[in-house]
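Here is the structure we will look at.
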Amino acid sequence: MELTSNSIVAIAELGGYIPAIVLAFIVCKRHGFGRSSGWYFTFTLSLIRIVGSVCQLLTITNDSIGLLKAAIILDHIGLTPLLLATLGMLSRLVDWINVQSPSTISIKYFRIVQLLVLLGAVFGIIGAESSAENSISPWTDIAVICYVAAFAALAIILIKALPSTDVIPNPERILAPAVGLALPFVFVRLLYQTLIVFVHRGPFARVGGSVLAHVFMAMVEEFIVVAVYLVLGFKLNRGRTAEKGRAEKGMTLGTESEQQYQYSDGL
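Start counting the sequence shown at 1; every next residue gets the next number (full-length UniProt numbering).
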């Protein structure tokens, strides 16, 4: 059995994400497993990366096309929990702003991002299933466009939220710089996926591309974002949510702008 560079990368991913999934589980127990929580998606991303690495290692002794497609699909849909984890962090930040400030950010922004990411995941899976080794399906093109639009919407939400962060409680203010730190890494990860789809040659070939490009434009970025959000999960107070803040102020949950952003619970 000969280890390839891709196999070594897969082993490294297992070494990083096995501890990460344990920490993500602890953070989810701390803050809740609701799908509106960004930490639910850090757990999901860790699980996807572990399964994807196992599939990659299995190709050493089994060159099944099914295993290769599974590895490609899992690599692609990792963007889904990455973007939704970021959306979850922003939802907590914005919910506090909407409680403490008369200036509200509509839940519609979150619904749009959620829809775009969901479409990106679905189209990406369809595209991976229908793509040949040396060609990219148009469905994959559409999937990446959906992801790019979702990222742009996330950046807009953060920009709209920044002027109002001074109204939220001090322990929660770390949310804005944490998301601001994570977004550039999400951007690089998304850029890598875009180059894989629209360039699809040289270091960005889907099969047989540069391992270094994959490591330094995708693998490292994802892990940094997961690490940032896990640290955030341990730093933020358990049970100190905007809903509790409403109760302390005697507010009700009547209007759209006062609702807590349970944006994924309706799926």
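Virtual Cβ for every residue (Gly too), placed ideally from N, Cα, C. Bear in mind that the values here come from a model prediction, so they are computed numbers and not experimental data.
Chain-order list of residues whose beta-carbon lies under 6 Å from that of residue i (same chain, five-residue window excluded)
i: T44; result: P81
i: R246; result: Note on R246: pLDDT 48, under 50, position unreliable in the model; no value is reported.
i: L83; result: V117, A150
i: G250; result: Any reading at G250 must be qualified, since the residue scores a pLDDT of 46, below 50, and its modelled position is unreliable; no value is offered.
Sequence-distant residues of its chain with Cβ nearer than 7 Å to residue i (five each side left out)
i: L68; result: T59
i: V113; result: L87, A150, A153, L154
i: V167; result: I97, Q100, S101
i: V27; result: W39, L230, G233, F234
i: V228; result: A178, L181, A182
i: L162; result: A176
i: F25; result: F43
i: L119; result: C146
i: D75; result: G52
i: A10; result: S53, Q56, L57
i: S7; result: Q56, L57, I60
i: R30; result: G233, R238
i: F216; result: none
Environment of residue i [buried if 16+ CB atoms lie within 10 Å]
i: I18; result: exposed
i: L212; result: exposed
i: E2; result: exposed
i: R238; result: exposed
i: S5; result: exposed
i: S164; result: buried
i: V199; result: exposed
i: F185; result: buried
i: G78; result: buried
i: T140; result: buried
i: I48; result: buried
i: G15; result: exposed
i: S46; result: buried
i: E129; result: exposed
i: G41; result: In the sequence as presented, Gly is not what sits at residue 41; that position holds Phe. F41 comes out buried.
i: residue 268; result: In the structure displayed, the chain extends from 1 to 267; residue 268 sits before or after that span and is not available.
i: F22; result: According to the sequence displayed, residue 22 carries Val and not Phe. Classification of V22: exposed, given that the 10 Å Cβ count is below 16.
Close Cβ partners of residue i (< 8 Å) along its chain, the five nearest in sequence each way excluded
i: Y261; result: For Y261, the predicted structure reports a pLDDT of 41, less than 50, and the residue's modelled location is therefore unreliable. A value from the coordinates is still provided. Closer than 8 Å at Cβ, skipping near neighbours: S36, S91, R92, V94, D95, I107, F110.
i: G209; result: I196, G202, P203
i: R187; result: Position check: residue 187 holds Phe in this sequence, whereas Arg was assumed. Once the five neighbours on either side are set aside, the close Cβ partners of F187 are F151.
i: A71; result: G52, C55, Q56, T59
i: L191; result: M217
* To do: Take every Cβ of the region 175 to 187, pair it with every Cβ of the region 155 to 165, and state whether three or more of those distances are shorter than 8 Å.
  => yes
* When the Cβ atoms of the region 217 to 228 are set against those of the region 112 to 126, are three or more pairs found closer than 8 Å? -> no
* Asked: Counting only runs that start and end within the region 5 to 43, where is the alpha helix (DSSP H) found for 4 or more residues in a row?
  -> 5 to 31
* **Entirely enclosed alpha helix (DSSP H) segments - the region 119 to 147, minimum 4 residues** => none
* Uninterrupted alpha helix (DSSP H) stretches inside the region 75 to 108 (no shorter than 4 residues) -> 79 to 100
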